[in-house]
Amino acid sequence: MTDRTTPSTDPMSSDEPSPIALRFGPLADSLAQGWRQFQESAAATSAQRPPRAYLLLNGWDDNPYAQALEELAPNAAQARVAVVTPQFEYREDKGPCLIELPANWDQKPPPRPTGTPASSTAKRALEAPPPRKWSDPYPPPWARREAEKTVPETSPAPPASPELTEPPAEAPQPDALNLDDLSIGLAGAWLATQQRLAAQKFCAVLFAQADAKDIAAHLVRLGRQQLPPAGPTRQFPFQDARIQQRIWPVFTPEQHLIWLGPVAQWWALKQPWGPWSQADLLQIDPTQFSAAPEWFVATPPSPEQPRAHAAQGLKPETLFTPDQWKYAGQCPTGNRVWQQYAMQDIDPQRQPDGATMDRLISDGLRLGLSGANLQDYVWCSWQAGEAGLPRELDWREPRLAQLLQDILRQLREEPEASFADLFVEQLPMAR
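According to the working numbering, numbering within the sequence shown proceeds without interruption in unit steps and concludes at 431.
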């Protein structure tokens with residue numbers, strides 16, 4: 001997020017559009033266009049339920065977007081609604097929260113007069129803010145406005161005794177978040193997505209015709225999944241776009257409907273799922289990644305599509321099949337393997353693509369592997385090498401099939417053993 005009068009991230013920038021504005025302005029524009037289309041659709045269906053746009057953040061404390069919102073949209077920030085799952089009970093600001101975007105957030109700001117210096121809002125928004133608790137009674141100094149300049153002059157009040165003197169109340173500050181602010185916020189969010197394994201504080205923008213408390217109540221249920229079939233309850237990070245986008249293609253339309261609940265559209269930045277270059281691994285400029293930023297938009301199935309969720313007994317807290325739950329829990333595995341390739345500067349063309357990674361992970365899960373051993377299985381199965389064409393091991397070959405069975409047996413007998421160590425140790429004997 002940036003200064004409301006310029007799209008630049010540089011406080012002393014010229015009037016020329018910055019690289020951030022050129023790269024992420026279209027991304028913000030497409031979100032705004034989607035919002036206007038949703039408004040039109042909502043007006044045509046139900047005037048009783050106004051359309052609303054919400055920002056879904058992963059925690060409020062230590063979140064740079066929270067700091068920016070406290071300045072740019074203080075009323076929306078104060079009215080935020082926490083999604084209080086048992087994991088975050090009594091520490092609400094550590095968990096997900098919903099902030100209703102203020103009016104006109106989808107509008108461009110008025111042009112800044114030539115030569116007027118911009119503030120450093122954007123720079124602060126992309127840096128980690130100092131820790132600050134929601135219980136603090138006063139906003140930080142940079143969030144205060146010069147309210148006295150807008151208050152009409154009145155006759156002076158009679159002096160009060162010192163013990164009765166109170167500090168003058170500050171006038172409420174209007175929310176002034178706009179599309180240029182959002183484009184800068186998206187730059188920081190895109191940087192986190194391209195780092196793949198980094199924490200992501202920006203989660204999604206939700207369009208709905210529902211109150212924030214109703215959406216939060218639905219998300220609480222979604223965040224408490226009962227392990228299939230009829231197992232114990234576990235916390236599920238519904239706010240993590242990486243997990244949502246890996247599991248979404250294997251969900252049925254009924255599961256899509258149950259996930260979204262009162263949400264009509266779930267806009268999240270598209271997460272990378274494919275080869276990783278060393279240049280992108282080391283990149284820290286959000287404008288210089290090889291991939292162009294784009295949205296992943298989750299919507300419910302069309303009304304004409306048959307819905308059998310009621311007959312299947314699906315509920316937000318019992319959404320997954322056993323195989324889907326296992327897969328959702330292993331979503332970081334692929335990016336850790338690609339990270340290893342990138343660290344060794346292996347050409348992306350020699351790395352497995354997204355579909356191959358999906359298949360290798362699924363194969364490893366069927367073998368009962370998880371965690372580091374699943375990661376090792378994927379790494380060992382795809383021989384990138386230094387020369388020649390990459391080669392995937394065919395574990396159906398008799399010698400390799402026997403090798404795999406020996407490794408799995410030893411892992412059962414020695415839970416502390418490593419798939420990769422056993423593979424390297426026994427591979428020469430299998431050739």
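Think of the CB as a built atom: it goes at the ideal place given N, C-alpha and C, for glycine as much as any other residue.
Taking one beta carbon from each stretch, the region 199–215 and the region 327–343 have fewer than 3 pairs nearer than 8 angstroms; the two do not touch.
The C-beta distance from PRO390 to ARG336 rounds to 18 angstroms, too long to meet the 8 angstroms contact threshold. Taking the C-beta atoms as reference points, PRO102 is found nearer than 8 angstroms to ASP175. In terms of CA proximity to PRO111, ASP180 leads the group ASP180, LEU55, ARG52. Considering only SER418, LYS94, VAL81, the residue with the shortest C-alpha distance to ASP214 is VAL81. By the 16-neighbour rule on beta-carbons within 10 angstroms, ARG234 is exposed. Within the same chain, PHE419, LEU422, PHE423, GLN426 come within 8 angstroms of ILE407 by CB-CB distance, once the 5 residues on both sides are set aside. With 16 or more other Cβ atoms inside 10 Å of its own Cβ, GLU70 counts as buried. Relative to the Cα of ALA230, the nearest Cα in the group GLY59, LEU314, GLN375 belongs to LEU314. Exclusion of the five residues before and after GLN87 leaves GLN235 as the residues of its chain whose Cβ lies within less than 6 angstroms of its Cβ. The beta-carbon distance between ALA264 and PHE296, rounded to whole angstroms, is 15 angstroms. This is too long to meet the 8 angstroms contact definition. From the listed residues ILE284, PRO237, ALA217, GLU317, the smallest Cα separation to GLN330 is found for PRO237.
By the 16-neighbour rule on beta-carbons within 10 angstroms, ALA198 is exposed.
Residue burial is scored here from C-beta neighbours: GLU40 has fewer than 16 other C-beta atoms within 10 angstroms and is therefore classed as exposed. Ranked by how close their Cα comes to the Cα of PRO428, the residues LEU400, LYS270, ARG224, GLN405 have LEU400 in first place. The shortest CA-to-CA distance from ALA53 to any of ILE99, TYR90, ALA21 is the one to ILE99. Counting along the chain, the unbroken alpha helix (DSSP H) around ASN75 starts and ends at 74–78. Taking the C-beta atoms as reference points, ILE247 is found no nearer than 8 angstroms to ALA298. Burial is judged here by how many other beta carbons sit within 10 angstroms of a residue's own beta carbon; PRO50 has fewer than 16 and is exposed. For LEU56, the closest alpha carbon among the candidates ALA42, CYS97, VAL220 is that of CYS97. Inter-residue distance for PRO303 and ARG36 is about 21 angstroms (C-alpha atoms, whole angstroms).
Between ILE284 and PRO19, the alpha-carbon positions lie close to 14 angstroms from each other.
For VAL337, there is no enclosing beta strand (DSSP E); the residue is part of the alpha helix (DSSP H) that begins and ends at 331–343. Here TRP259 is not near LEU182, since their CB atoms are 8 angstroms or more apart.
For LYS270, same chain residues with a beta-carbon under 8 angstroms away, outside a window of 5 residues either side, are THR193, GLN245, PRO293, GLU294, TRP295, PHE296 in chain order. The region 273–288 and the region 361–380 do not touch, with fewer than three beta-carbon pairs separated by less than 8 angstroms. The beta carbons of TRP325 and PRO398 sit no closer together than 8 angstroms. Taking the Cβ atoms as the reference, ASN373 lies roughly 6 angstroms from LEU411, within the contact range of under 8 angstroms. Straight through space, the alpha carbons of GLN383 and GLN402 are spaced by roughly 19 angstroms. Ranked by Cα distance from SER370, the options ASP93, TRP273, ASN75, PRO415 are led by PRO415. Counting along the chain, no alpha helix (DSSP H) covers TRP105, and no H or E run does either.
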